Amino acid sequence: MHPVLILVVQRIALGLLLLVAASVLIFAGTMILPGDVAQSILGQSATPEALANLRAELGLNEPPVTRYFNWLFGVVQGDLGTALTNGQDIATSMGRRLSNTLFLAFWAAAVAVPLAIFLGLLAVLYRDQWPDKLISGVTLASISIPEFLIGYVLMYFVAVQLGWFSTVAMINDSMTLLEKLSAIALPVAVLTLVVLAHMMRMTRAAILNVMQSAYIETAELKGLSAFKVIFRHAFPNAIAPIVNVVMINLAYLVVGVVVIEVVFVYPGMGQYLVDHVSKRDVPVVQACGLVFAAVYIGLNMVADIVSILANPRLRHPK
Amino acid sequence: MRDQIEHLKKRVGQGRITRREFVGRLGALGVSAAMANVMMAEAVRAESPKKGGHLKMGSVGGESTNSLDPAAAASQVPYYNLNLFGDTLVEVTPDGSVGNRLAEEVSSSPDAKTWMFKIRKGVEFHNGKTLTPEDVLRTMERHSNEESKSGALGIMRGIESMKTEGDMFSVTLKTPNADLPYLMADYHLQIQPDGGFDNPGAGIGTGPYILEKDEPGVRHLWSRNPNYWDDSRGHVDSVEILVINDATARMAALQSGQVHLVNRVDPKVADLVNRAPGVSIKSDSGPGHYVFIMHVDTEPFSSNDLRLALKYAIDREDMVDKILRGYGSVGNDMPINAAYPLFDETIPQRSYDPDKAAEHYKKSGHDGSPIILRVSDVAFPGAIEAAQLFQESAKAAGIPLELKREPGDGYWSEVWNKQPFCASYWSGRPVQDQMYSTAYLSTADWNDTRWDNEEFDKLLLEARAELDQEKRKEMYSKMGRMIRDEGGLICPMFNDFITGVSDKVQGWEDDPTGETMSGQWSSKLWLA
C-alpha cells in the first residue's frame with residue numbers, strides 16, 4: 001500500500017479516538033458545572049416539585065456513566081437524540097445552524113484566503129518598501145483590535161449611517177443567495193480583517209525564507225520577472241507552512257466566531273452552543289463538541305496531507 | 319417646520335395635547351386656524367388602528383433552547399410568543415383591574431372561595447377545534463397536576479378542585495382568595511386545545527396570530543388569525559420577533575430601521591436613542607425591583623439592628639441616578655410600590671442616613687469584620703456598580719462591606735436563595751397578595767429573605783380572604799411596614815421598562831403591569 005494512504009488511514013483512526021476522548025471531556029465538563037438542566041430551565045421560578053418532575057421526565061436521575069453510554073450508543077447508530085430543553089431533534093436543528101456557520105465561513109474564507117496570499121506575495125515583492133509596511137501595518141492593526149469593536153464600528157458607519165448593508169445578519173431559507181450575501185457582508189468583512197494578518201504574515205515569512213535559496217538566485221539570473229520567480233519557484237516550496245496556517249484560520253472561522261455571531265445576530269453554531277451550555281443541555285453540547293472537534297481534526301489532517309504531497313522527499317520516501 | 323407640525327400632529331392624535339393647544343401652537347408656526355383644524359382631523363384619523371403591514375421587534379431574552387410550551391416560558395421572547403398565539407381567561411388591564419378575555423364573566427361565591435368563569439362561545443383554536451370549558455379545565459390541570467413542571471405551579475397550589483358545568487368553569491380554593499382572577503391572568507395559563515396534553519409546544523391556541531416559522535433563538539414569524547374573536551386586537555398582517563440579545567446590535571437594528579421596536583434599552587443610552595431621528599423611548603414604571611437580600615435567620619443578619627444599619631447605609635437616590643439614569647424610582651425596603659392596587663402612599667420613605675446607620679451598627683454589636691455581599695452581573699443590570707455604590711455609602715457610616723463577584727452562570731441555582739447576603743431581582747406580581755405569598759410567606763419556596771413571622775402570615779391569609787377593599791388596604795399597609803422595618807429586604811430601586819419605538823408604530827399605551835404593554839404590543843400596535 002502507498003505510504004500516504006497508510007498515513008491517511010492512521011490519521012482517521014486516531015481522529016476517531018480523539019473524538020471519543022473529546023466527548024468524554026465535554027461530558028465530564030458539563031457535570032462539573034454548577035446546577036443541572038432542570039434547574040436552568042426553570043431558573044428563578046423553580047419549585048422543588050417542578051424540579052423533581054422535570055428531572056424525572058428528562059431521565060436525570062440515572063447515574064452519569066449510564067447516561068454517557070446511552071448517549072454514545074445512540075451516536076454510534078447515528079442518532080444524536082433530542083434536546084432536553086425544548087425537545088427538538090438535535091440533528092435537524094444543529095444541521096440548520098451548521099450550514100449557516102459553514103456558509104459564513106465559506107464566504108469569509110473565499111475572500112480572506114486569496115486576499116491574504118496575494119497581499120503576502122505583494123509584500124515580498126516590495127519587501128521593506130512602503131507597500132510592505134502598509135500591508136503589514138494595516139493587517140496587524142486589524143488583528144489587534146478586538147473583533148466586536150471592528151464589528152460595531154463597521155455597523156455604525158456602514159449600516160446605520162450609510163445604510164448600505166443590514167446590521168442584523170439574520171439569514172433564512174426564504175432569502176435569495178444575493179439577499180443572503182448582502183446580509184452577511186459585514187460579518188464577512190470583519191472576519192476577513194481578523195484572519196488576514198496571520199495568513200498574510202505567514203505567506204510573507206515562508207516565501208522570504210525560500211527566497212534565500214540558491215535556485216531562486218539562479219532563476220533571477222535567468223532573467224525571470226520578480227513576480228514569476230516568486231509565484232513559480234518560491235511559492236510551491238513555501239506551500240506547506242502556508243497551508244498549515246490557512247487551515248488553522250479556517251477552523252477558527254468555523255468554531256471560533258461566537259462573538260461575531262452575537263454582534264451581528266447570526267444564527268450559527270456558536271450562539272447555539274453557548275445557549276445550550278448555559279442551560280446544561282448535555283446532548284446538544286456533546287453533539288456540537290463532536291462537530292467542532294471533527295472540524296479541527298479534519299482540517300489539520302488536510303494540512304498534513306497537503307504538506308506531504310507538496311514535498312517530493314516525503315511523497316517518494318526511500 | 320414640517321417636523322414640528324408632524325410632531326404636534328402626533329401628540330394631538332395620541333391625546334397628549336388638547337385641540338386648543340394644538341391650534342395655538344400651529345398658529346405660532348404661522349398656520350391658520352382653519353388649516354390647523356383640518357390637520358387636527360387628519361391627525362385623529364391617523365390614530366384609529368390601521369390594518370396591515372409587517373411588524374418586527376428585536377427582543378432580548380430568546381435562546382435556541384426555547385420552546386412554545388406555555389409551562390416552560392420564563393423569558394421575554396417565549397412570553398411574547400405566548401401572547402401571540404394564545405389567550406388567557408382574563409387579563410390585567412393597564413389600570414390594574416381585571417379584564418375579560420376568554421372568560422366572558424367572572425363571579426365568586428360571597429366568601430371568595432369558589433370562582434366561576436363563563437367561557438366565551440364561538441371561539442376557535444388555530445386547528446379548527448371550538449373552545450369548550452373542558453379545554454380550560456384540562457389546561458389548568460396540566461399546570462397544576464402532580465407531574466406538572468409549569469412555571470405557574472406555585473400560583474396554582476391554592477386550588478382544591480376544578481370542574482366544568484355547562485359553559486362555566488369553576489375553581490374551588492383551599493382558602494378564600496379575593497385576588498384569584500389576577501392569578502388566572504398569569505401568562506403561563508394560555509388556554510390550549512385539550513389543555514395541550516398531546517403536544518404542549520405546538521403553538522396552537524385561540525390567539526390573534528398563527529405560527530408560520532419557529533426558529534428558537536433566531537426568529538419567530540406569525541401571521542394574522544383571520545378568525546380571531548376580538549376585532550379590537552391584531553392589526554398587522556404579520557409579526558416577526560428577531561432574537562437580538564446583544565444590546566448594541568438591538569439599538570443599531572432599531573436605528574437602521576430593521577425593526578420597529580426593541581425592548582430593554584440600556585438606561586445609559588436611552589437619552590441618546592431618544593435624540594436619534596425616527597425613534598423614541600417609552601419608559602414604563604412597573605413592579606420590578608432591584609434588591610439586596612439578607613437571610614434574617616443567619617448571623618450576623620439575625621440582628622435587626624444590623625439589618626436597619628444596612629438599610630440606612632444605602633443611598634437610594636444616588637442609585638436611581640447612576641444605575642437607572644433616572645429611569646426608575648426609589649424603593650422603600652418593601653417589595654410593593656404604587657404600581658400595585660391598594661398601595662398605601664403614606665408609609666414614610668426611608669433615605670440615606672449614615673449617622674442612624676452607624677448608631678444601629680453600634681447597637682447590633684457586630685465585630686466589625688467585613689460583611690460579604692455576593693453579586694453578579696446577572697442579578698440585575700448594573701448590579702456590580704450598585705454594590706460598589708452601596709459599599710462606598712456604607713463605608714461612610716463605618717460599616718465594612720466586602721463584595722464577592724460570583725459567576726453569572728449558575729447564579730440563580732448556587733447563590734440566590736442559598737447565600738445569606740446577595741444581589742437579586744424581582745419582576746413583581748400583579749397584586750400584593752401574590753408578591754407576598756411568593757416570597758414572604760414563611761412557607762414559600764422562594765422566601766429568599768427567610769422571613770418567618772407568624773403575625774405576618776396570619777395577616778396575609780386574612781387579607782387574601784377580605785373582600786372589603788378599605789380593610790384590605792389597611793392590612794397590606796401593616797404588612798408592608800413590617801417588612802420595611804424588620805425584614806431582610808434592602809430595596810434601593812424600582813426599575814422602569816424602557817422600550818425603543820420607531821415613529822412608524824402607532825397605538826402605544828403605557829402599561830405599568832408588565833413589560834412592553836404587558837406583552838400585548840403585538841396585538842395592540844399598528845403601523846402608520
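Line order of the protein sequences matches chains A and B. Take the first sequence: its position 233, counting from 1, is numbered 233 in my numbering, and each next residue is one higher. Numbers given in my numbering equal positions in the second sequence, counted from 1, plus 318. Cβ atoms here follow ideal geometry from the backbone N, Cα and C, with glycine treated the same way. Quick caveat, the model's predicted, so the values are computed rather than measured.
Interface residues of chain A facing residue i [CB-CB closer than 7 Å]
i                : result
Val536 (chain B) : Met170, Pro267
Leu579 (chain B) : Going along chain A, no residue has its Cβ under 7 Å from Leu579 (chain B), so there is no contact; the nearest lies around 14 Å.
Closer than 7 Å at the beta carbon, the chain B residues around residue i
i                : result
Asp281 (chain A) : Thr383
Asn53 (chain A)  : Glu465, Ser466, Lys467
Ser278 (chain A) : Asp727
Thr167 (chain A) : Ala567, Ala570, Ala571, Ser574, Gln576
His39 (chain A)  : Strictly speaking, residue 39 (chain A) in this sequence is Gln, with His absent from that position. Ordered by position in chain B, the residues that pass the 7 Å Cβ test against Gln39 (chain A) are Ser731.
Val255 (chain A) : Going along chain B, no residue has its Cβ under 7 Å from Val255 (chain A), so there is no contact; the nearest lies around 17 Å.
Tyr68 (chain A)  : None at all; the shortest Cβ gap to chain B is about 21 Å.
Helix, strand or coil at residue i [DSSP, three-state]
i                : result
Met175 (chain A) : coil
Gln212 (chain A) : coil
Leu237 (chain A) : Per the sequence presented here, residue 237 (chain A) reads as Asn, with Leu not at that position. Three-state result, Asn237 (chain A): helix.
Gly646 (chain B) : strand
Met170 (chain A) : coil
His607 (chain B) : strand
Phe487 (chain B) : strand
His461 (chain B) : helix
Pro725 (chain B) : coil
Ile477 (chain B) : strand
Glu533 (chain B) : strand
Phe812 (chain B) : strand
Ala421 (chain B) : strand
Asp766 (chain B) : coil
Asp564 (chain B) : coil
Gln824 (chain B) : strand
Tyr274 (chain B) : No information on residue 274 (chain B) is available, as it lies outside the stretch 319 to 846 that chain B covers here.
Ala496 (chain B) : coil
His198 (chain A) : helix
Contact belief for residue i with residue j at Cβ below 8 Å, rounded distance in angstroms
i                : j                : result
Gln838 (chain B) : Asn401 (chain B) : 6 Å
Ala391 (chain B) : Tyr505 (chain B) : 7 Å
Leu420 (chain B) : Thr406 (chain B) : 7 Å
Glu635 (chain B) : Val648 (chain B) : 6 Å
Ile816 (chain B) : Asp651 (chain B) : At roughly 24 Å, the Cβ-Cβ gap does not stay under 8 Å, so Ile816 (chain B) and Asp651 (chain B) are not in contact.
Ala657 (chain B) : Gly746 (chain B) : 7 Å
Ser711 (chain B) : Asp633 (chain B) : 4 Å
Met155 (chain A) : Ala570 (chain B) : 5 Å
Residue i vs residue j beta-carbon contact at 7 Å
i                : j                : result
Met325 (chain A) : Ala303 (chain A) : Because residue 325 (chain A) is not part of the residues shown, which for chain A are 1 to 318, the question remains open.
Ser841 (chain B) : Gly552 (chain B) : yes
Met637 (chain B) : Ala704 (chain B) : yes
Thr482 (chain B) : Pro451 (chain B) : yes
Gly514 (chain B) : Arg593 (chain B) : no
Leu80 (chain A)  : Ala293 (chain A) : no
Arg542 (chain B) : Asp555 (chain B) : yes
Leu455 (chain B) : Phe487 (chain B) : yes
Asp623 (chain B) : His678 (chain B) : yes
Val416 (chain B) : Val408 (chain B) : yes
Interface residues of chain B facing residue i [CB-CB closer than 9 Å]
i                : result
Phe264 (chain A) : Asp564, Ala567
Glu57 (chain A)  : Glu465, Lys467
Gly163 (chain A) : Ser574, Gly575
Gly289 (chain A) : Result: empty, since nearest Cβ-Cβ is about 16 Å, beyond 9 Å.
CB contact below 7 Å: residue i versus chain E
i               : result
Thr30 (chain A) : Note that chain E does not occur in the displayed structure, where the protein chains are A and B.
8 Å Cβ cut-off: residues of chain B touching residue i
i                : result
Phe33 (chain A)  : Per the sequence shown, the amino acid found at residue 33 (chain A) is Leu instead of Phe. Neighbours of Leu33 (chain A) on chain B, chain order: Asp727, Gly728.
Gly120 (chain A) : Correct list: empty, because the minimum Cβ distance to chain B is about 33 Å.
Val160 (chain A) : Ala570, Gln573, Ser574
Asp304 (chain A) : Within chain B, no residue comes near Asp304 (chain A); the closest Cβ sits about 34 Å away, beyond 8 Å.
Asp275 (chain A) : Glu381, Ser382, Thr383, Gly535
Tyr272 (chain A) : Ser382, Gly535
When Cβ atoms are compared, which residues of the stretch 410–428 of chain B fall closer than 9 Å to chain A? none
Could you name the residues of the stretch 546–572 of chain B whose beta carbon sits closer than 8 Å to any beta carbon of chain A, in the order they occur along the chain? Leu560, Val561, Ile562, Asn563, Asp564, Thr566, Ala567, Ala570, Ala571
Report the residues of the stretch 141–156 of chain A with a CB closer than 8 Å to any CB of chain B, ordered along the chain. Tyr152, Met155, Tyr156
Interface positions of the stretch 710–736 of chain B facing chain A (Cβ-Cβ less than 8 Å), listed along the chain: Asp727, Gly728, Trp730, Ser731, Glu732, Trp734
Proximal residues, the stretch 499–520 of chain B versus chain A, C-beta separation under 7 Å: Gly519
Could you please tell me which residues of the stretch 70–85 of chain A, in chain order, have their CB closer than 8 Å to any CB of chain B? Ala83, Thr85
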